[in-house]
Each structure stands twice: as C-alpha cells, then as structure tokens.
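Asker: Each residue of the sequence shown is one higher than the one before, starting from 344 at the first, in the numbering used here.
Backbone N, C-alpha and C fix where the C-beta goes; we use that ideal spot for every residue, glycine too.
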Amino acid sequence: MNWQKLELLSARFKANCDALETRDAALAGRLAAHRPPATYVLASEGEQLLIGAVSRDAAPANVTGRIDDSKVERLTYRLTPAGAKQIVQKLCPADAYTEPALVVGLDLGWLWQMLYELPCSVPIHPGNRPPLFLLARTIEQLWIAAHIHDWRTLLADTRVCLFVGDDAIVQLERSLMTQAALPGPRVSVTLDAAIWPAGMNLDAMNLRVMNHLNARLADATEQFKTIYGQSSDESIAARLRSGGKLRIMGMTSLYTTFLQHSMRDWLAAFAAAGHDTRLVIEQSDHLRSNSLVLAEACAEFKPDLFLMIDHYRAEMGGLPEKVPCVMWVQDYLPSIHKASAGAAQGHYDYVIGYARAECTSKHGYPIERFMPAMVAVNETRFAPAELSSADQRELACDVSYVSHASRTPESFIAEQIAQNPGARPLLADAFDRLKSIYDDGHSISHPLHVRGIIEEAMRQTRTGLDATSMEAVTDHFALRINNAFLRHQSLLWAAEMGLDFRLYGNGWENHPTLKKYARGSADNKGRLAAIYRATRINLQVTPHGAVHQRMLEGLACGGFFLIRYVPGDRVGQIYRPLWEWCVREGIETDEQILQHATPDVLKILGEFQRTVGLDPFKLSMRLMDDIRVFADLDFAQSAAAVWPEYETVAFDSRAALQQRIKHFLAHEDQRQELTASMREKVLQTATYSAVNRRMLDFIANNLASAAAQREAA
344 MNWQKLELLS ARFKANCDAL ETRDAALAGR LAAHRPPATY VLASEGEQLL IGAVSRDAAP
404 ANVTGRIDDS KVERLTYRLT PAGAKQIVQK LCPADAYTEP ALVVGLDLGW LWQMLYELPC
464 SVPIHPGNRP PLFLLARTIE QLWIAAHIHD WRTLLADTRV CLFVGDDAIV QLERSLMTQA
524 ALPGPRVSVT LDAAIWPAGM NLDAMNLRVM NHLNARLADA TEQFKTIYGQ SSDESIAARL
584 RSGGKLRIMG MTSLYTTFLQ HSMRDWLAAF AAAGHDTRLV IEQSDHLRSN SLVLAEACAE
644 FKPDLFLMID HYRAEMGGLP EKVPCVMWVQ DYLPSIHKAS AGAAQGHYDY VIGYARAECT
704 SKHGYPIERF MPAMVAVNET RFAPAELSSA DQRELACDVS YVSHASRTPE SFIAEQIAQN
764 PGARPLLADA FDRLKSIYDD GHSISHPLHV RGIIEEAMRQ TRTGLDATSM EAVTDHFALR
824 INNAFLRHQS LLWAAEMGLD FRLYGNGWEN HPTLKKYARG SADNKGRLAA IYRATRINLQ
884 VTPHGAVHQR MLEGLACGGF FLIRYVPGDR VGQIYRPLWE WCVREGIETD EQILQHATPD
944 VLKILGEFQR TVGLDPFKLS MRLMDDIRVF ADLDFAQSAA AVWPEYETVA FDSRAALQQR
1004 IKHFLAHEDQ RQELTASMRE KVLQTATYSA VNRRMLDFIA NNLASAAAQR EAA
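(1) With a CB to CB cut of under 6 Å and the five nearest residues on each side skipped, what residues in its chain are close to Arg919?
(2) Can you check which of these residues, His468, Ala1009, Ala810, Leu976, is closest to Asn1029 by C-alpha distance?
(3) Which residues bound the beta strand (DSSP E) around Val447?
(4) So who's on the other strand from Trp671, going by DSSP bridges?
(5) In whole angstroms, give me the CA-to-CA distance for Gly956 and Thr878.
(6) Mapping the DSSP letters down to three states, classify Gln780 as helix, strand or coil.
(7) Using the Cα positions of Thr991 and Asp818, report the straight-line distance between them to the nearest angstrom.
(8) Taking DSSP's pairing of strands, which residues face Ser387 in a bridge?
(9) I need the boundaries of the beta strand (DSSP E) containing Val532, first residue and last residue.
(10) Start and end of the alpha helix (DSSP H) containing Gln762?
(11) Is the Cβ of Pro528 closer than 9 Å to any Cβ of chain C?
(12) Have a look at the DSSP bridge pairing and note the partners of Thr382.
(13) Within its chain, find whatever has a CB closer than 8 Å to the CB of Gln735; leave out the 5 residues flanking it on each side and keep chain order.
(14) For Val552, which residues from the same chain have a beta carbon less than 8 Å from its beta carbon, with the 5 sequence-adjacent residues on both sides left out?
(15) If I'm right that Thr1018 touches Gly848 with Cβ under 8 Å, what's the distance once you round it to whole angstroms?
(16) Where do the ends of the beta strand (DSSP E) carrying Tyr918 lie?
(17) Three or more beta-carbon pairs under 8 Å between the region 915-929 and the region 750-757, yes or no?
(18) Do you know how far the Cα of Ala547 is from the Cα of Asp510?
(19) Taking the alpha carbon of Tyr708 as the reference point, which residue from Asp775, Tyr691, Glu722, Val718 has its own alpha carbon closest?
(20) Give the list of continuous beta strand (DSSP E) stretches no shorter than 3 residues that lie fully inside the region 570-613.
(21) Pull up the distance between the alpha-carbon of Pro380 and that of Lys428, whole angstroms please.
(22) Mind checking which residues open and close the beta strand (DSSP E) that includes Asn721?
(23) Mind checking which residues open and close the alpha helix (DSSP H) that includes Thr954?
(24) Less than 8 Å between C-beta atoms, sequence neighbours within five positions excluded: which residues of the same chain meet that for Gln603?
(25) Determine whether the beta carbon atoms of Ser704 and Leu846 lie at a separation below 9 Å.
(26) Mind checking Glu722: buried by the 16 CB within 10 Å criterion, or exposed?
(27) For the beta strand (DSSP E) holding Arg907, just list the boundary residues, first then last.
(28) To the nearest angstrom, report how far apart Pro886 and Ser632 are at their CA atoms.
(29) Applying the 10 Å Cβ sphere with the 16-neighbour rule, what's the burial state of Asp647?
(30) How would you label Thr569, buried or exposed, when you count the other beta carbons within 10 angstroms and need 16 or more for buried?
(31) Would you be able to state if there are at least three C-beta pairs under 8 Å between the region 776-791 and the region 635-646?
(32) Is it a yes or a no for the region 805-825 touching the region 715-733, going by three-plus beta-carbon pairs under 8 Å?
(33) Taking the straight line between their C-alpha atoms, what separation do you get for Tyr571 and Ser578?
(34) Considering only the beta carbon of each residue, do Ile482 and Leu385 sit closer than 9 Å?
(35) Quick check on the DSSP output: the alpha helix (DSSP H) that includes Asn1044 runs from which residue to which?
(36) Could you give the uninterrupted runs of the alpha helix (DSSP H) lying entirely in the region 825-870, keeping only those of 4 residues or more?
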C-alpha cells in the first residue's frame, strides 16, 4: 500500500483553518494548534480512501519518505462516499436541503460535505438557507478531515453550526437557547453515538430548548405589563397627536426583497420627521424571526407603534397588546384576504393600503380601522440627480422595463395542471381562450372578465367547480397567467422595433423570446434610480393599473414613462363626479343611486359600463363601497384621475405604443415637460411622509372616538 503522510496536505489544512477563523477564531485556534500523538497517513484502495496511524518513532523523518505498511494501524470509518450519498437521498429525497439537519459525528466527513453541497430550497422563503448542525467528538477527528477536504467555504459559512468536543451536544443546546432566531434541527443522523449524553436524543433536546425559549417569552411578556400597564386609548391617542418623538418599530424579512426596501423607506420617513426607529430583520440568511425575537425586541425598545407589511399581529405573536400595530396591505395575498384574518384583528390592530372594500365587506376587517393608502415613494432616495458618466455609458438606452414578472403564461398553466391533473381539460380550454385574445392583439384586465372565460371553459368541458375552487382558479388566471400575457404582449411590441431595448429583473434571461434583452437585476438602493434616469422611455405595464410603486419611484427620480392602458385607470375619473353627486344628495347605498339617478348620473353609469365592460351594480363588491374606497384616496389610485397627462402617454395597442415610442424618442423637450408635471403630483400625494401624517391622525382619531363612545355608554 502506497501510504503518504497527511502532512502533504498541510496547505489545504491551513486554508481551512484560515476560513474557520473568519467566523470562529477560538475553534480555529484549537484546530491549528493541535498536535496529534501519532503520524497520520493516507492511501487509496479502489474508490475508498484509507487513513492510518503510525507511531512517531516509526514514521520517516522526510514527508515523502516511504512508509512501512506493516507499521500502519488502519483507522476504522463507517461511512464511504457511497454510503453518505444514500443517507443524503433519504434525508433530502428532492435533492434539495429544505430544513435544518443535525449530523452527530464526523466519521471521515463525506456526509458533512454532501449535505452542505445540496442546493437550499425553501419555496415560502426564497433565499433562506436552513442551518446545518455538525458535531464532532474530538478536535483530532476534525484535524484529520480538515486535511482531506477542501472545506474553506463550509467552514467560513455562518449557516454551518459547528461544535467539537465531548460536550458538543451541550454546546449545541446552549447555542439554540441563546439565539432566538436560530431554527433548531428537525432531522438528525447519528454517526457517533458517544456524543449523545445518556438518555438524550433529538426530541429530548428540542423539548429542553423549547421550554427554555418559552420561559424567555413569558419573561418578555411579563415586562409588557410594567411598560404598558397604564396605557389607555386616551393616553395613546394623546401621544400620537402630541407631535413629540415616538418610538416606531418595524418588522420585515430578509426573504422579501421588495418589502425590505418598502419597510426601510417607511421607517426612514419617520426618522426624517424626528422619531426614533428600529427595524427587526434577520441578520443572516439562515436565521428566522419569530415571536420571541419580536417580544424581546419590544421589551428592550418599548415601541409606541409597530409596523408590518402584508402581515398582521396575530400571525406573528410576541407583540405587546397595548401597542397599535399597523399592517400595510401592498399585495393581494390569500393569507390576508380571508375571514380568519379579518376576525383576528384586535382593538389596537390597524390596516392601511389596498382592498379596503373587499377586506371589510367580504372578510370582516373593521372598516373604522382600515385606512386606504396607495403605495408610497421615498422622495429622498428617488430624487432627480445627474447621471455619472459610468452610469450613462452602461445604462443609457431607448426603452427599458423593470419587473420580475418574467415567467411565461405557459409555465404558469403547466404548473397549475401539474398540481391539478384532473382539471386539465378545463384549465387547458380556459388558457387557449385567453391566449387567443392576446394572439389577436387584444387584452383584458378585470378579474370578472377572466372569470367569464373560465365559465365559458366550464360549459365547453362540462366541468363544475365549487365556490372555493372557482375563486382559486380565477385568482391564478387573473394574477399570474393574464398578468404575464398582458405584460409580455407589450414588451414584444416594443422589442420588434429594433431599438436599444432592455429588460431588468430576475428571470428574463430564461424567457424564450425576450432573453436577449435581459440585463440582470435592478438594485433598489442605487441602480434602479439610475436606470430610470438613463432610459429615454420607461414602460409601465400591469393589468392592475399604472399607479404602482415602481412608476411612482421612476417619476420621482426624473424618469419618463409610457403607460399600458387598462380600463381601471379611468375608473377614478368616472367615479369622481358620481361621488360628488352622492355627497350633495346624501346618497349612501346602491339602491339609492338607482332610485334617484338623474340623466347625468345615468350617463356616468353608462360610461363606466362602456369603459370597464361590466354592469356597475354587478361587481365583486357593492358599487357604493368601491366608490368610497376611491374617494378616501381622492381617486389617486386611478392613473387618469391622478395625471391629466395620462391620455398623452397611454397606449392600448401595438400601433399606439410604437407610434408613441417613435414620437417621444424624437422630442426630448416633451419628455422632460411631461415628466416634471407628473412628478409634482407624486410628491404631493404618494410619499411615505404624507402617508405617515395621515396614518398617525387616523389612529389617534379612532382611539379617541372609541374612548368617547365607552365614556358615553
């Protein structure tokens, strides 16, 4: 056997020690200083790596000297690479690392290596890399493995929780008890049973950790009684109205890129107004915030107001009861749009954002604690600025579009059919009907029109759907498939002009026909604003209306936009005179509108039906509720009502888009004039500062009113 000294791999060992030192200097020092009592050697036999030990007296002085096979004591290892691969396949049958795992024992390190190399996949938290817990009984075992494997990446990675020693389990347990955001292992493999203390296993350890963390949560909750025990509706309202410095805490997640920026901008506006702010967010991609993290952060910071985006208090846990908690609804999520979410809203829970009529009428959200609000823009970060020469060279182009909506309609329908193979005839028929609309150069945008297509497909395929299934299918077609059709149709119209056309966002490089225009992501912190400024014509394309954060930010920083027309963008113009008539005449219900409609009102109702293609009294909500939502925001969620320039920059067809692109590329002065006037409206109505002022008054007025009603009762 051709044995070689392990010392031949000393350069690899040193590199591993250096990598480990970047995150655990103490353990790296122990490893580097270790001097084994014997000389370790290695050899190969077929595909198997052999490790042996030779007494120092019997080992040759020269590293490359021949080693007598008879003097080598072969060390026993249980796990070959093939055996490690089998374990990995059992733990991770989808060939992805999906939940925290614990490996108790090192053996020769093959299992550690293979688990670490698996791609992480946590679909509900994109970007999350669950921790990997690795335990070795002795530093000598790690010393040997650190010569054999190139573990520079593994040892430097903070998601790898490495513990070495007879007390490795105790070290692991202590780490889990002290780091509230560190998810504990869900599965384990034991290679070295001696590491486990007598009577201990994964379930017993997790129970001890859970009891300890629950005790910490109870302690934090007990502190709330002291901090907020004297708070009342009156005192909270007075504090919000005082104009003094407030403590504002916001929570977001490392795994929601867009919402991270929204929350930071929201808090930044409060900070600019002189308030103290704090953000709760995971500090690394292997951590997860939870109720204990929130509770201890609140006990330490003592917030006067707590902010979340697309989540509400009951989902989180750990928040003080007597602190107003605001959820900003920015996305249409099933977790928000359901009756249980409405029922979970407590006395100090408030909602701002979209879908007030639907949430209050269909899902039971208290209307008196729901403030309609558009998306907002950070007017400081997205302010006009001169482009650097480098940005000008890199980013200047004729037309660009920024969005992550790169998936094709075909990929969405294939995914839905795979999840519901029994519904293939219905889904395929509905998809073909929708596709034919876009193939003919037309489009639709309202969910009720999408529902009508599905109903036609049901009749054709003689398929029945219950109410829940019908809602789910409609949502998928409206929010995913039709969304993709409308966006990509417009982009293909622009692309065929042969101009310098660019697409920014995730996934465009995979699009079958648009991939050659992909230019990578658009970093929200810096590059995005530069892209808007450097592009001569930015496109805004969405079936849900043009008043969206991306366009507001683009206008705020000086970008020029052409807008894909959808009927919803004109609804505000139609509703405004109807609302003014209702206010003058004291009209409060749909029935009263019908009973007292004048010729002018009937004309308005007819205009709505012609524009939207729907009976205004047969919408998914009552007409009066819909009008009120628009009125609460001064009709600012409807692009044509916000910008008188809408008709000049909107397009509804291939010909209209291409004509406008040609015209505005040739008239820079008009682009600048339109951008300046549209930007001014954004600053007046759609900044975080403006929303915050309204919100504080809204909460204070509600609490004062509640206190007055109790006193009167």
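Answerer: If we stick to the structure as given:
(1) By one-based count along the sequence shown, residue 919 stands at place 576. Answer for Arg919: Phe978, listed in chain order.
(2) Position 686 of the sequence shown holds residue 1029. Residue 1029 is actually Ala in this sequence, not Asn. Ranking His468, Ala1009, Ala810, Leu976 by Cα distance to Ala1029 puts Leu976 first.
(3) Counting from one through the sequence shown, the residue named residue 447 turns up at place 104. Run containing Val447: 444-447, per the beta strand (DSSP E) assignment.
(4) Mapped onto the sequence shown, residue 671 falls at position 328. Ile652, Ile695.
(5) Indexing the sequence shown from 1 puts residue 956 at position 613. Indexing the sequence shown from 1 puts residue 878 at position 535. Cα to Cα, the separation comes out at about 35 Å.
(6) Taking the first residue of the sequence shown as position 1, residue 780 is located at position 437. The question names Gln, but residue 780 is Ile in the sequence shown. Helix, per DSSP.
(7) For the purposes of this step, residue 991 is taken as the residue at position 648 of the sequence shown. For the purposes of this step, residue 818 is taken as the residue at position 475 of the sequence shown. Answer to the nearest angstrom: the Cα atoms are 32 Å apart.
(8) Counted from its first residue, the sequence shown places residue 387 at position 44. For Ser387, which the question treats as bridged, DSSP gives the partners Leu392.
(9) In the sequence shown, counting from the first residue as 1, residue 532 sits at position 189. Taken as a continuous stretch (DSSP letters only), the beta strand (DSSP E) holding Val532 covers 530-533.
(10) Taking the sequence shown and counting its residues from 1, one reaches residue 762 at position 419. Run containing Gln762: 752-762, per the alpha helix (DSSP H) assignment.
(11) Reference to chain C is not applicable here, since this structure consists of a single protein chain.
(12) What you label residue 382 is simply residue 39 of the sequence shown in a count that begins at 1. DSSP, once it has assigned bridges, lists Val397 as partnering Thr382.
(13) Reading the sequence shown from its first residue, position 392 is the one you call residue 735. Counting only Cβ-Cβ distances below 8 Å, and skipping sequence neighbours, we find Ala877.
(14) For the purposes of this step, residue 552 is identified with residue 209 of the sequence shown, where counting begins at 1. The residues are Glu516, Leu519, Met520, Gly527.
(15) Within the sequence shown, numbered from 1, the residue matching residue 1018 stands at position 675. Within the sequence shown, numbered from 1, the residue matching residue 848 stands at position 505. Thr1018 to Gly848, Cβ: 22 Å. No contact.
(16) For this step, residue 918 is matched to residue 575 along the sequence shown. Here Tyr918 belongs to no beta strand (DSSP E); instead the alpha helix (DSSP H) covers 911-928.
(17) no
(18) Here residue 510 is taken as the residue at index 167 of the sequence shown, counted from 1. Here residue 547 is taken as the residue at index 204 of the sequence shown, counted from 1. One C-alpha to the other measures close to 16 Å.
(19) Residue mapping note: residue 708 aligns to position 365 of the sequence shown, counting from 1. That would be Tyr691, whose Cα lies nearest to the Cα of Tyr708.
(20) 590-594
(21) Position 37 of the sequence shown holds residue 380. Position 85 of the sequence shown holds residue 428. Spanning the two alpha carbons is a distance of roughly 32 Å.
(22) The residue you call residue 721 lines up with position 378 of the sequence shown. Counting along the chain, Asn721 falls outside any beta strand (DSSP E), and DSSP gives it neither H nor E.
(23) As a working mapping, residue 954 is identified with position 611 in the sequence shown. Segment 942-955, the alpha helix (DSSP H) holding Thr954.
(24) On the sequence shown, residue 603 is found 260 positions in, with the first residue counted as 1. Excluding sequence neighbours, Gln603 sits near Thr595, Ser596, Leu597, Ile624.
(25) Against the sequence shown, residue 704 aligns to sequence position 361. Against the sequence shown, residue 846 aligns to sequence position 503. Not in contact: Ser704 and Leu846 (Cβ atoms no closer than 9 Å).
(26) Within the sequence shown, numbered from 1, the residue matching residue 722 stands at position 379. Burial call: buried.
(27) In the sequence shown, the residue the question calls residue 907 occupies position 564. Run containing Arg907: 904-907, per the beta strand (DSSP E) assignment.
(28) For the purposes of this step, residue 886 is taken as residue 543 along the sequence shown, with counting starting at 1. For the purposes of this step, residue 632 is taken as residue 289 along the sequence shown, with counting starting at 1. Their backbone Cα atoms lie some 34 Å apart in a straight line.
(29) Mapped onto the sequence shown, residue 647 falls at position 304. Buried: at least 16 other Cβ atoms inside 10 Å.
(30) Translated into positions along the sequence shown, residue 569 becomes position 226. Label assigned to Thr569: exposed.
(31) no
(32) no
(33) Taking the sequence shown and counting its residues from 1, one reaches residue 571 at position 228. Taking the sequence shown and counting its residues from 1, one reaches residue 578 at position 235. Roughly 11 Å between the two C-alpha positions.
(34) Here residue 482 refers to the residue found at position 139 of the sequence shown. Here residue 385 refers to the residue found at position 42 of the sequence shown. For Ile482 and Leu385, no; Cβs fall outside 9 Å.
(35) Counting from one through the sequence shown, the residue named residue 1044 turns up at place 701. That run of the alpha helix (DSSP H) goes 1031-1055.
(36) 825-838
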